[in-house]
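Protein chains in written order, with the working numbering: chain U, 20 to 284; chain V, 20 to 284; chain F, 139 to 430; chain E, 139 to 430; chain G, 240 to 553. The next block holds one structure in the form of structure tokens; read it before the comments.
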Amino acid sequence: MTTTTSKAMIRFEDLRQEFTLTGNTFTALDGVSLDIADGEFVTVVGPSGCGKSTMLNAAAGLLDPTSGRVMVDDREVDGPSTRTGVIFQQYALFPWLTVRKNVEFGLELKKVPAKERRVIVDHYLELVGLTRFAEALPKELSGGMKQRCAIARAYAVNPEILLMDEPFGALDALTRVHMQEQLLKTWTQERRTVMFVTHDVDESVFLASRVIVMAARPGRIFKEIKIDLPYPRTEEMRLSDEFARLRTQVWEAVYHQPGVAEAHQ
Amino acid sequence: MTTTTSKAMIRFEDLRQEFTLTGNTFTALDGVSLDIADGEFVTVVGPSGCGKSTMLNAAAGLLDPTSGRVMVDDREVDGPSTRTGVIFQQYALFPWLTVRKNVEFGLELKKVPAKERRVIVDHYLELVGLTRFAEALPKELSGGMKQRCAIARAYAVNPEILLMDEPFGALDALTRVHMQEQLLKTWTQERRTVMFVTHDVDESVFLASRVIVMAARPGRIFKEIKIDLPYPRTEEMRLSDEFARLRTQVWEAVYHQPGVAEAHQ
Amino acid sequence: MAAKDTYIAVETPPLASGSPAPENSQQKPKPASRKSPATSGRKLGRKALLAINFGSVAAGLGAWTALSAAGVVGLPGPVEVLIRAGEVFADGTLAEDTGASLARVLSGFLLGSLLAVPVGFLMGWYQVGRAIIEPWVQFFRTIPPLALLPLVMVTMGIGETPKIFVIFLAAFLSCVISTYQGVVSVDKTLINAARVLGADSMIIFRRVVVPASSPFILVGMRIGLGAGWATVVAAELIAAPNGLGMRMQQAQQFYDMPTILVNVIVIGILGLLMDRLLLMIEAHLTRWQERR
Amino acid sequence: MAAKDTYIAVETPPLASGSPAPENSQQKPKPASRKSPATSGRKLGRKALLAINFGSVAAGLGAWTALSAAGVVGLPGPVEVLIRAGEVFADGTLAEDTGASLARVLSGFLLGSLLAVPVGFLMGWYQVGRAIIEPWVQFFRTIPPLALLPLVMVTMGIGETPKIFVIFLAAFLSCVISTYQGVVSVDKTLINAARVLGADSMIIFRRVVVPASSPFILVGMRIGLGAGWATVVAAELIAAPNGLGMRMQQAQQFYDMPTILVNVIVIGILGLLMDRLLLMIEAHLTRWQERR
Amino acid sequence: GAKADDASSSNAAKEPVEIKVGYIADYNGAALMAVADQEGYWAKAGLKPKYLPFTNGPLAIQALGTNNVDVVYIGSGALWLPASGKAEIWSVNSVSNADRIIAQPGIKTLAELKGKKVAVPTGTSGDQLFSLALAKEGLSREDFKVTAMEPPAIVAAFAAGQVDGAALWYPLIDSAKKGQPDMVELFSNEDFIDTLTFPSTFVAAPGRAAKDKDLATGFISVVKSANDYRHSNQENTIALTAKFLKLKEEDMAAQASVAKLFTSQELDKLSSDGTIYTWLDGLQQQFKKDEKITEISDPKSFYNSELFVSTPAV
Ligand SMILES: Nc1ncnc2c1ncn2[C@@H]1O[C@H](COP(=O)(O)OP(=O)(O)OP(=O)(O)O)[C@@H](O)[C@H]1O
Ligand SMILES: Nc1ncnc2c1ncn2[C@@H]1O[C@H](COP(=O)(O)OP(=O)(O)OP(=O)(O)O)[C@@H](O)[C@H]1O
Ligand SMILES: [Mg+2]
Ligand SMILES: [Mg+2]
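Printed below as a string of structure tokens:
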């Protein structure tokens with residue numbers, strides 16, 4: 020059902036991203052090449068600071084690669100596009116807008132009529148369980164509620180491509196599972212292309228058709244693990260042997276990389 | 020080894036916390052009473068938005084309770100104290116200070132001599148794996164690195180009481196395990212009193228001598244679950260039947276509360 | 139339990155200093171000294187604050203009375219000034235002058251602030267815009283309004299236009315600096331968030347930069363308002379038939395201190411009131427801010 | 139695969155508008171038009187920006203020449219002004235005046251800014267402090283410096299003190315508003331973080347509030363500097379033996395436009411240079427900021 | 240005379256012409272306007288005035304150049320501007336007798352002020368009087384610490400004893416006296432009545448009278464009538480001016496007391512016999528000494544006495 024041989028929606032071509040860090044050049048990503056097929060669900064895991072967010076930002080058109088490039092739908096990314104929705108690791112809610120207005124923001128820009136907008140926003144607020152807090156300001160939300168608001172904002176514009184940076188990291192386990200299911204449901208129905216950064220190995224296996232395991236220093240792709248579980252994924256699958264096997268495989272790939280021990284000396 | 024009958028280090032006395040939310044009174048916490056014994060390790064779990072951070076902030080002396088009070092060492096909390104170290108959910112790093120300076124901040128205030136300071140800071144930077152980034156500014160760190168910096172900052176002042184708000188939420192699984200072990204090691208050696216908010220049921224069981232399960236609307240304590248596993252906790256324990264039983268017990272308490280279904284309708 | 143006892147025994151001394159003796163452990167909940175979040179002093183009621191405001195003003199008036207009573211040359215006391223105020227109020231001069239000056243300051247200030255926001259944005263957003271505009275803004279900011287009068291008169295005549303222009307300039311130049319700083323201080327991630335939702339520069343300006351930098355814009359407006367009022371005297375040197383500044387000038391020719399002071403005080407009070415209005419608007423516009 | 143094909147077929151039209159045709163898919167990496175993060179225009183080199191700066195100034199000079207050539211009454215051209223500048227430079231007046239005014243502005247400005255920071259803190263931090271100070275700050279901000287002269291002279295004489303005081307006041311009053319706003323805008327969680335690490339109000343002020351509000355403080359200083367220069371003319375009305383403002387005043391009495399312009403331009407250029415200095419300091423102090 | 244009469248009578252029938260008159264808000268600078276308003280002289284001359292207040296002569300003359308104002312009142316201190324071709328005089332108003340060189344109590348001569356602080360408002364009639372006094376006593380500015388100050392500032396400084404001497408005028412001296420009741424007057428205009436006279440005047444843009452003869456004659460006729468009214472109704476004029484300027488009558492009276500007034504007939508005579516030209520020559524010499532003008536020009540080039548004399552009152 021998923022495949023990497025179909026047309027690439029997102030293509031990283033030998034991407035290299037350097038930053039200036041305390042006067043020196045710091046290589047955050049080096050030689051990252053990756054094809055994400057149209058309609059594919061890819062999760063990215065790797066140690067903290069290995070460049071996951073950097074990679075995602077490059078795909079979102081928010082960075083200027085030092086060398087190499089990112090192509091989306093065969094066109095070089097040179098800025099953000101409305102085809103791409105992003106959920107930022109730090110939420111990036113507009114603090115002066117209420118929850119409702121935050122979620123509505125992208126719809127207004129798309130010139131969706133007010134009435135339609137209301138329906139869409141209500142739908143996504145309910146999805147993330149923030150209906151009661153529609154008129155609250157971000158400063159009045161708990162950490163997890165902020166994150167859910169950011170999720171609703173990204174979903175509302177219904178983008179073809181979703182770039183999600185640890186989108187469920189601040190959620191409690193049940194909400195998280197609920198969100199995972201919702202995401203998979205939408206994805207199966209509408210076949211978004213999804214690039215999903217997570218720290219949770221379980222989550223990476225449960226959601227993806229392919230897990231990209233990254234290594235640090237410099238940030239690079241260490242391994243790709245195909246997840247052959249069929250969609251739709253069910254809660255039972257989490258308990259299956261195949262799932263356990265894949266989880267172990269991902270875990271090993273992430274944590275038995277050369278150099279990991281040194282990072283946690 | 021741990022007990023709730025010994026002298027209470029932190030005592031919540033019928034705490035009620037209201038906020039004004041879009042013009043209405045919103046009750047974030049209602050009738051929260053809890054004793055945390057001197058040297059006890061308590062974890063707090065509960066659905067997103069149930070008031071965990073609010074409770075922690077009250078214990079830190081950063082809130083003005085609507086009614087009830089929080090006592091620390093038999094004295095009413097009326098402001099922050101250096102006895103209490105806090106790791107905030109949003110990290111709250113000083114953006115104008117380097118990683119090193121952030122960690123050093125509390126030590127400077129304690130008038131620790133520069134040389135000693137250096138040793139302490141180096142130690143904690145190594146602990147959290149940020150030695151290479153000592154001179155970086157917060158804006159140059161990844162999400163997980165920011166969180167680790169916040170952890171180092173709180174540890175460095177060596178407080179008697181540690182209030183930690185999802186301190187490992189942005190860390191990858193391996194770093195997280197590493198951090199858990201370090202925290203337990205320190206705690207067993209120096210017997211800090213720890214109140215630790217987390218979303219991770221596994222983590223809550225692995226670390227605590229008691230898990231406080233909270234319920235939402237209004238935020239309140241739903242159940243207390245004693246974790247009878249002996250310290251020091253080992254990786255093998257995670258695989259034990261007892262651990263599984265306790266995990267299930269906590270999970271059930273969190274997610275089979277009345278009203279949870281409604282929250283995720 | 140043994141471990142716990144040991145722990146108490148070795149309680150680290152440096153930390154102990156942070157915890158005073160627990161003698162007040164029996165106090166009632168919510169004592170008056172309870173600190174509110176992040177505030178070192180407790181929150182005072184509106185009335186208490188107004189009372190302090192009032193006390194402060196009264197103290198100032200007292201100092202003034204003392205100064206003039208002590209015979210500081212030419213300084214009339216509050217009573218004398220009040221009598222003069224009554225006179226100019228009765229004959230309608232005060233109302234006319236206030237109206238005229240207020241109209242000038244308001245128009246100049248509003249034009250200045252309104253223009254400052256987009257110009258500040260141009261400067262903050264486009265490097266080229268900044269390179270073109272900045273030297274002029276900086277240059278004119280330091281030029282005394284008095285020095286501009288001849289040129290302004292030559293090009294704009296002596297009607298209301300040049301007067302409003304001088305005030306406009308003062309307000310604009312203060313406000314533009316502040317807005318510019320606001321624009322460059324906007325959190326990058328918010329701009330990125332808007333961009334990925336499809337916002338172009340215009341929309342980012344209106345819907346992200348303006349709200350995010352509203353604290354800066356309002357500082358600029360407040361300073362600009364002050365500058366506008368402070369410039370009204372210079373503006374009304376340009377053949378003004380009326381106005382508080384013009385009347386002050388005139389009185390200065392006669393060294394008529396009571397009249398000077400009446401006008402100065404009216405200017406001060408009007409400025410104060412308008413500033414309060416701005417503050418109220420600001421509080422409304424920036425209530426999303428997590429603030430002290 | 140069927141699902142995928144279907145998906146392409148139903149590609150939502152409203153979104154498509156955001157993606158122009160992929161005709162440039164073959165271009166090399168890092169094309170010149172590549173956008174840097176969060177910048178709508180690409181970053182320009184220092185040289186290019188300086189060139190634009192220069193061009194802008196040249197255009198201004200051109201406009202001036204045209205204006206004076208077109209016979210705007212009394213407006214001398216750049217050449218005439220340059221000749222006059224040469225004269226006053228040659229006879230040493232310019233150096234003396236510049237030195238005198240610079241000394242006054244610098245002292246007044248530095249005193250004003252230095253005082254504004256703690257006062258702004260008092261106002262932002264303690265409600266009582268604010269209630270006491272604010273009415274006076276607001277009141278005096280709107281009072282024209284010209285109106286203050288008699289009082290200042292009566293109380294401080296006619297030496298350097300009253301001159302520096304007038305400039306000090308202008309700088310202080312601008313800067314204090316901005317600092318105040320900075321203080322109330324500081325992120326509460328940072329203050330909380332400092333408090334739990336054991337910081338008292340003094341330390342929070344020095345180590346959290348000041349750095350966190352440095353963008354505001356520097357806006358205040360920049361505006362204050364401008365206000366200081368703009369006030370130098372008023373200050374030098376007080377029996378100044380020298381100074382750019384005094385010389386300008388004098389020239390104004392004689393309708394001596396070239397001399398006026400020489401002094402005005404020197405004031406402008408000095409202001410510009412000092413502002414650049416402040417900007418450099420600011421860039422250094424706020425490099426921790428994530429900024430455009 | 241008849242020709243001018245025709246002009247005025249025919250003007251009266253027509254729609255009144257607007258004339259923009261700049262004044263300075265004091266007795267000398269506004270009395271004639273107040274009178275002409277009250278007595279309806281403007282209407283008789285077929286004019287409709289628009290008044291524009293200025294605070295000083297140079298600014299007013301600058302405004303002449305912008306065509307926003309037709310004729311302005313200036314004091315004698317600004318007469319160097321007409322002398323250097325920036326304006327032409329249409330009419331003399333009065334002669335000031337208000338300037339004084341004053342000193343702190345105990346000082347008896349100018350020489351006693353040597354090395355001390357003397358406040359002088361640059362470019363004013365006070366400044367001119369100071370120059371005359373210096374010449375008379377054989378002193379120079381270098382003998383004193385001369386400080387340039389704004390007139391109101393001088394009041395404050397003198398009253399507070401921060402300067403030892405000053406060149407100032409009434410009624411400002413009255414204010415200064417409040418602080419130093421025993422101050423002394425060292426020189427006054429009277430001391431130089433032969434050498435130098437300080438006339439205040441109405442001036443217009445150079446060449447304006449030639450271009451707009453009707454306007455000029457209309458204005459001069461109004462000035463003449465008002466001048467005569469003022470001469471014979473001094474009390475009334477003071478009240479009218481105070482009302483016109485919304486100022487206190489006592490201030491006006493104080494100023495009036497130090498102004499030397501002429502009837503229009505006297506002015507005609509002073510004009511036709513060349514006395515006014517002599518005044519202007521004397522002033523020019525003074526201006527030249529003070530480096531305000533570079534060369535002395537023929538007073539006829541900026542005061543057309545014939546036009547003044549030939550224009551009758553309304
Ligand atoms: N603006 C910047 N300046 C300098 N260095 C940066 C900058 N942004 C990121 N880095 C560095 O790049 C590396 C990768 O960062 P990135 O945010 O991509 O990590 P990550 O994989 O998302 O980590 P985490 O899981 O902790 O979020 C880090 O070492 C970080 O220090
Ligand atoms: N300043 C505030 N104003 C209004 N409401 C607030 C404020 N702070 C918190 N709340 C509300 O109080 C409730 C509890 O918030 P809290 O941050 O304690 O939740 P939490 O349990 O920490 O959740 P999370 O796990 O998502 O961090 C939330 O519903 C939130 O909306
Ligand atoms: Mg990241
Ligand atoms: Mg929380």
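For glycine and all other residues, C-beta sits at the position ideal for the given N, C-alpha and C. All values reported here derive from a predicted model rather than from experimental measurement.
Requested in this report: Determine, using beta carbons only, whether residue 371 of chain E and residue 316 of chain E come nearer to each other than 8 Å.
Outcome: no
Query raised in the report: Among residues of its own chain, excluding the 5 on either side of residue 228 of chain E, which ones have a beta-carbon nearer than 7 Å to its beta-carbon?
Result: none
Query raised in the report: Nearest chain U C-beta to residue 164 of chain V closer than 8 Å, yes or no?
Result: yes
Query raised in the report: If we cut at 8 Å on Cβ distances, does residue 334 of chain F have a partner in chain E?
Result: no
Requested in this report: Measure from the C-beta of residue 79 of chain U to each C-beta in chain F and report whether the shortest distance is under 8 Å.
Outcome: yes
Requested in this report: Kindly indicate if chain V contains any beta-carbon less than 8 Å away from that of residue 189 of chain U.
Outcome: yes
Query raised in the report: CA-CA distance, residue 250 of chain V and residue 207 of chain V?
Result: 8 Å
Query raised in the report: Are the C-beta atoms of residue 176 of chain E and some chain V residue less than 8 Å apart?
Result: Confidence in residue 176 of chain E is poor, its pLDDT being 36 and thus under 50, which makes the residue's placement too unreliable to answer from.
Query raised in the report: If we count the other Cβ atoms within 10 Å of its Cβ and call it buried at 16 or more, is residue 437 of chain E buried or exposed?
Result: The structure shown does not extend to residue 437 of chain E, since chain E is modelled only from 139 through 430, so no value can be given for it.
Query raised in the report: residue 154 of chain V by DSSP, collapsed to three states: which one?
Result: coil
Report task. Could you pull out every residue in the same chain whose Cβ sits closer than 7 Å to the Cβ of residue 251 of chain G, ignoring the five residues on either side in sequence? Result -> Any reading at residue 251 of chain G needs caution, since the residue's pLDDT is 47, under 50, leaving its predicted position unreliable; the model's value is listed next. 283, 285, listed in sequence order.
Query raised in the report: How close, in whole Å, do the beta carbons of residue 304 of chain V and residue 80 of chain V come, if the pair is a contact with beta carbons under 8 Å?
Result: The requested residue 304 of chain V is not part of the displayed model; chain V covers only 20 to 284.
Query - Cutoff 7 Å; reference residue 164 of chain E; Cβ partners in own chain excluding five residues on either side - result: Bear in mind that the predicted position of residue 164 of chain E carries a pLDDT of just 35, short of 50, making it unreliable; the figure below should be weighed with that in mind. None.
Query raised in the report: What three-state label does DSSP hand residue 213 of chain V in the structure shown?
Result: strand
Query - Nearest neighbour of residue 115 of chain U, chosen from U:146, U:159, U:139 [CA to CA] - result: U:159
Query raised in the report: Got a sec: does ligand 2 put a non-hydrogen atom nearer than 7 Å to the Cβ of residue 297 of chain E?
Result: no
Query - Beta-carbon contacts of residue 91 of chain U that lie in its chain and below 6 Å, excluding the five residues immediately before and after - result: 29
Report task. Identify whether residue 27 of chain V lies in helix, strand or coil by the three-state DSSP scheme. Result -> strand
Query raised in the report: beta strand (DSSP E) containing residue 48 of chain U: first to last residue?
Result: 43-56
Query raised in the report: Taking DSSP as the reference, what is the three-state secondary structure of residue 235 of chain E?
Result: helix
**Report entry** Pick from F:425, F:382, F:418, F:396 that is closest to residue 408 of chain F, judged by C-alpha positions
**Finding:** F:382
Requested in this report: Closer than 9 Å by beta-carbon distance: list the chain U residues that pair up with residue 330 of chain F, in chain order.
Outcome: 76, 79, 81, 99, 105, 107, 111
Query raised in the report: Do residue 162 of chain V and ligand 3 come close, with the Cβ less than 7 Å from some heavy atom?
Result: yes
Query raised in the report: What's the C-alpha gap between residue 31 of chain U and residue 125 of chain U?
Result: 26 Å
**Report entry** Cβ pair residue 218 of chain V, residue 64 of chain V closer than 8 Å
**Finding:** yes
Query - residue 169 of chain E at chain G interface by Cβ criterion, 8 Å - result: Here the model assigns residue 169 of chain E a pLDDT of 33, short of 50, so the residue's position is not dependable and the matter cannot be decided.
Query raised in the report: Taking residue 275 of chain E as the reference, which of F:361, F:389, F:375 has the closest Cα?
Result: F:361
Query raised in the report: Along chain V, which residues have their Cβ under 9 Å away from the Cβ of residue 337 of chain E?
Result: 99, 124, 125, 128
Requested in this report: Anything in chain G within Cβ reach of residue 229 of chain F, meaning under 8 Å, just list it in chain order.
Outcome: 485
Report task. Please report the residue range of the beta strand (DSSP E) in which residue 422 of chain G lies. Result -> That residue, residue 422 of chain G, is in no beta strand (DSSP E); it is neither H nor E in DSSP.
Query raised in the report: At least one CB of chain V closer than 8 Å to the CB of residue 273 of chain U: is that the case?
Result: yes
Query raised in the report: Hey, is residue 235 of chain E's beta-carbon within less than 8 Å of any beta-carbon in chain F?
Result: no
Query raised in the report: Do you know whose CA, among E:425, E:402, E:363, E:223, lies nearest residue 414 of chain E's CA?
Result: E:363
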